[in-house]
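The opening position of the sequence shown corresponds to residue -10 in the working numbering, with each subsequent residue numbered one higher.
For reference, the structure is listed below as structure tokens.
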Amino acid sequence: MINGITGGAMIHIANTSGGVMYVAPDPTITRPPVQGELRVIGTDIQVFSNSAWTPMGGTIPQVNLNGTAISAITWASAQMLREDEWNRLAKKNITVQDALDQHRKSVSEAREKLMVVVALASK
């Protein structure tokens, strides 16, 4: 049985309602919990057993991403930072804005050409 959950690299286990995440029902409903309802506090999973919230016994699994996913997220994060910097500089400098516009246009045109060549080569 699972009694908690932890996150591996690049995974954050977030509680969404003031430190307590209710699995069922919606925590905005103002009625007492019923037997069998679950909630997560920190990394602990608790079940309501008629009169009290009780920690579930068992193991604590860890959720992980594979290397490909971590690499993709790392690349995307770095690219976002680069593009944010480009956009920041472009707002201050017309030459940077022109270069950025040309870059975007050439990437778009190259992508369109690649799609045509791939489509022709696939036949």
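We treat Cβ as the ideally placed atom computed from N, Cα and C, and that holds for glycine.
Which one or two residues does DSSP pair with residue i in a beta bridge?
i     : result
Leu78 : Beta-bridge pairing links Leu78 to no other residue.
Thr43 : Val36
Beta-carbon of residue i versus every beta-carbon of chain D: anything under 8 Å?
i     : result
Ala67 : The displayed structure is made up of one protein chain only, and chain D is not part of it.
Is DSSP giving residue i helix, strand or coil here?
i      : result
Thr57  : helix
Thr32  : coil
Val107 : helix
Val23  : coil
Lys94  : helix
Lys102 : helix
Considering Cα atoms alone, identify which of the options is closest to residue i.
i     : options             : result
Gly46 : Gln35, Gln91, Trp64 : Gln35
Trp42 : Gly56, Trp75, Val29 : Val29
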